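Visitor: Structure below; questions to follow.
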Amino acid sequence: MKLAQIFALGALAIIPCLLANTPADEAAQQQILLFGNSSEPPSLDPHINASVNGSRIINCLMEGLISYHRDNDNIPEPGVAETWEHDGSYRVWTFHFRDNARWSNGDPVTANDFVYSYNRILNPELGARYAQLLYTIKNAQAYNESKVPFSDVGIRVVDDSTLEIELEGPTPHFPNIVKHASWFPVHPPTIESAGGMVKQDSNWTRENYVGNGAFTLMEWSMNKVIIVEKNPLYWDADTVRLKEVHFFPTENANTDNQRFDAGSNHYVNTIPSDLIPTYIATGEPSLRVEPYLGTYFYRFNTRKKPLDDVSVRQALTMAINQRAIVRRITKGGQFPATGYTPPGISGYEAPELVKYNPRDARNLLAEAGFPEGKGFPKLTLIYNTSEAHRDIAIAIQQMWKSILGIDIDLRNQEWKVFLDTVQQGDYDIARAGWIGDYMYPDTFLFMWTTGNGNNETGWSNTEYDKLISNSYLEANAEKRLKMLYDAETILLEEMPIAPIYFYTRNYRLDTRVIGWNPKFLDNHPFKYVYFEN
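Set out below in C-alpha cells:
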C-alpha cells in the first residue's frame, strides 16, 4: 500500500472523533447553557431563599422594579419599572410600570402585586430572613416587629401602573437596593392557592411556579438538575437568546471541574484551589479571576460559653494566619481580611482592626481563664461540604492547637442541613461568607443588628444598632458613612465573627459564552448571555 493511501485511511479514522460533539458542544449549538451551580438551592421562593446559588435561578425566573445592568453594578437598569423618580430629597420614590410587564400565565404585573409581596416578606408570621433588607421603607421594621399595622408602612398604590415608596430617610442608592430578590414580586393568586401569604413550607415553587422573569421553570429534579426555559411572555423576550439554562447541583469542586473538561458543562462555579496556579501559569483560556465584593469569615455563637467572652473571640481571631491561608490554600488572589467590609465600595474604607498576632492571642486567652489552653472546653467548627472549606478548617484547627493549645473538632454538613443548623443556633463556630447585595457598606453591616435574620451569632450591641438605624436618617453622605465606619469598629472590637479573607471570583467559563462580563457582585443577567457558534 502506498504511503499516501495509508495517510488517507488514517485521516478517515480520525474524522469521526473530530466530528463527535460533547454535550456542551451540542447544547451550545442549541443555545442551552449548562451551568455548574454548586449545591442544591434551599428554595426558589424570592422571599425565603438566602443562598447565592438559589438567587442565580430566581433572577432568571423573577424580575423586580429595577434590574441588574449587564456589566456595571452601580447602574440601575429598568425592570418592571420603565421609569422612576424621587421627590428631590431621595426619600419618596415613584416607580412607573411598563404596560407590557406580564406574569408567565399572562396576567399583568401591577403595583398591587408589589404591595402584596412587600406585605408578605415583612409579615412577621412568614419569618423571612431577608425582611430586614426592606427596613429602608418607612415603618417596615415596626411592622415586621408587630408594632404597627401594614397600613402604616410607606407603600402606596397610585394606580395599577404606579407605585410610591416612602423611606425612613434619604437614600440616594435606593434603586440599587431594590435589585435584590427580596424586593421581587410574587404572583398573589398563586401564593394564595398554595396555602396563603405566610405559609412557610408552600410548594408553589415546585407545583406551579408563576414568575415574571426572562425564563420560566421547566423542570426541578431534586439533586439532579433545575431547567429554566425562555419565557415568551417576558416584556423583553426579543433580547433573550438562550433557549434554556440547566443548573446542576455539584457540591464537589473536583467533580464539577472534571465535568467541564469532559465537555459536560459550560461553567464551573468553584475551581479546586490546587489547580488555580497551574491554570494561571498555563494561560487556561476558560479561567476567570475577578474582583468580588465578599468576605469569608467564621461565626462565633456568642450564646455559648466561652464564646460569650469577647477576649476568647479576639484570641481565636488573632490566632488565624489569614495570609498563610490565602497563599497556601485558596491560591486564587484573595486578600487577607483586615476588617469585615471588603474594599471596592466608593467613598468607604473599612477600619483595619483584624490582625494575626499569636502573642496577644495567647495573652487574651490566659486573661479569659485558659492559660495555654488549659481548661478550654471542646468546641466544634462546622462547615458545609466542600474541599476548600475543609482545607481551611483543618489549617485553622492546627493554628488554634499550636498557638493557643486548644482542640477544636471539625464537622461537615450538607448545604441545607448546614443552613438549618446555623439558623437554629445549634453550633459553636460556623463557616460563613457574605456577598454584597449592592455597592454600599450597609449591605455588610446591617446584618449584625439585634435580631437580624442573618446575624445568627446571638451578638447584640445597642450602640451598634443605634448607629445603623441613624445612618438611614442621615442626609449628609459623609456623616452617614462615618456612622457606618463607627459601627464596623464596634463589630470588629467585639468580634462575634472572625474575618478571614476577602474574596476574588475564581471560576471557569466556556470561551464561546458571550455577554458574561466581570462584575463586583457577580450578578449576571442571563437575558444577555448567549453562545457564539
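In our numbering, the protein residues as written are 513 to 1045. Here a beta-carbon is modelled for each residue, glycine too, at the ideal position from N, C-alpha and C. Bear in mind that the values here come from a model prediction, so they are computed numbers and not experimental data.
Quick one: give me the first and last residue of the alpha helix (DSSP H) that residue 687 is part of.
Guide: 686–689 is the extent of the alpha helix (DSSP H) around residue 687.
Visitor: Can you look up residue 921 in the DSSP assignment and give me helix, strand or coil?
Guide: Strand, per DSSP.
Visitor: Please give me, in chain order, every unbroken run of the beta strand (DSSP E) with length at least 3 that falls completely inside the segment 780–834.
Guide: The segment 780–834 contains these whole beta strand (DSSP E) runs: 799–812.
Visitor: Taking its Cβ as the centre, do 16 or more other Cβ atoms sit within 10 Å of residue 911, making it buried, or is it exposed?
Guide: The residue in question, residue 911, is buried, as its Cβ has 16 or more Cβ neighbours within 10 Å.
Visitor: Using three-state DSSP, classify residue 946 as helix, strand or coil.
Guide: In this structure, residue 946 counts as strand in the three-state DSSP scheme.
Visitor: List the endpoints of the continuous beta strand (DSSP E) containing residue 590.
Guide: It spans 588–590 - the beta strand (DSSP E) in which residue 590 sits, taken as one unbroken run.
Visitor: Could you check what DSSP says for residue 969 in three-state terms: helix, strand or coil?
Guide: In the structure shown, residue 969 sits in coil (DSSP, three-state: anything other than H, G, I, E or B).
Visitor: Do you know how far the Cα of residue 638 is from the Cα of residue 732?
Guide: So the two alpha carbons sit approximately 24 Å from each other.
Visitor: To the nearest angstrom, report how far apart residue 1019 and residue 882 are at their CA atoms.
Guide: Residue 1019 and residue 882: Cα-Cα distance of roughly 42 Å.
Visitor: With distances taken from CA atoms, which of 547, 574 and 583 is nearest residue 1040?
Guide: The residue with the shortest Cα to Cα distance from residue 1040 is 583.
Visitor: Where does residue 491 fall in DSSP's three states?
Guide: Because the chain spans 513 through 1045 in this model, residue 491 falls outside it and cannot be assessed.
Visitor: So, is residue 887 buried or exposed, given that buried needs 16 or more other C-beta atoms within 10 angstroms?
Guide: Residue 887 comes out exposed.
Visitor: Excluding the five sequence neighbours on either side, which residues of its own chain have a C-beta within less than 7 Å of the C-beta of residue 890, listed in chain order?
Guide: Correct list, in chain order: 919 and 921.
Visitor: Out of 571, 858, 627 and 862, which one is the CA nearest neighbour of residue 652?
Guide: Comparing Cα positions, the closest option is 627.
Visitor: Helix, strand or coil, according to DSSP, for residue 1032 in the structure here?
Guide: Residue state, collapsed to three classes: coil.
Visitor: Taking the alpha-carbon positions, what's the residue 953 to residue 1031 distance?
Guide: If I take the Cα positions, the gap works out to 17 Å.
Visitor: Could you tell me whether the Cβ atoms of residue 957 and residue 794 are closer together than 9 Å?
Guide: No.
Visitor: Enumerate in chain order the residues of its own chain whose CB-to-CB distance from residue 1006 is below 6 Å, with the five nearest sequence positions on each side excluded.
Guide: Answer for residue 1006: 822, listed in chain order.
Visitor: At the level of alpha carbons, what is the spacing between residue 997 and residue 614?
Guide: Roughly 42 Å separates the two Cα atoms.
Visitor: Could you give the distance in angstroms between the alpha-carbon of residue 535 and the alpha-carbon of residue 735?
Guide: The straight-line gap from Cα to Cα measures roughly 19 Å.
Visitor: Over what stretch of residues does the beta strand (DSSP E) that includes residue 891 continue unbroken?
Guide: Its beta strand (DSSP E) spans residues 891–896.
Visitor: Between the Cα of residue 597 and those of 656, 678 and 574, spot the shortest distance and give me the residue it belongs to.
Guide: Selected option, being the one with the closest Cα: 678.
Visitor: Specify the secondary structure class of residue 642 as computed by DSSP and reduced to three states.
Guide: Correct three-state label for residue 642: coil.
Visitor: In three-state DSSP terms, what is residue 990?
Guide: Residue state, collapsed to three classes: helix.
Visitor: Just verifying my parser: in three-state terms, what is the DSSP assignment at residue 531?
Guide: Low confidence applies to residue 531: its pLDDT is 44, below 50, so where it sits in the model is not reliable enough to give any reading.
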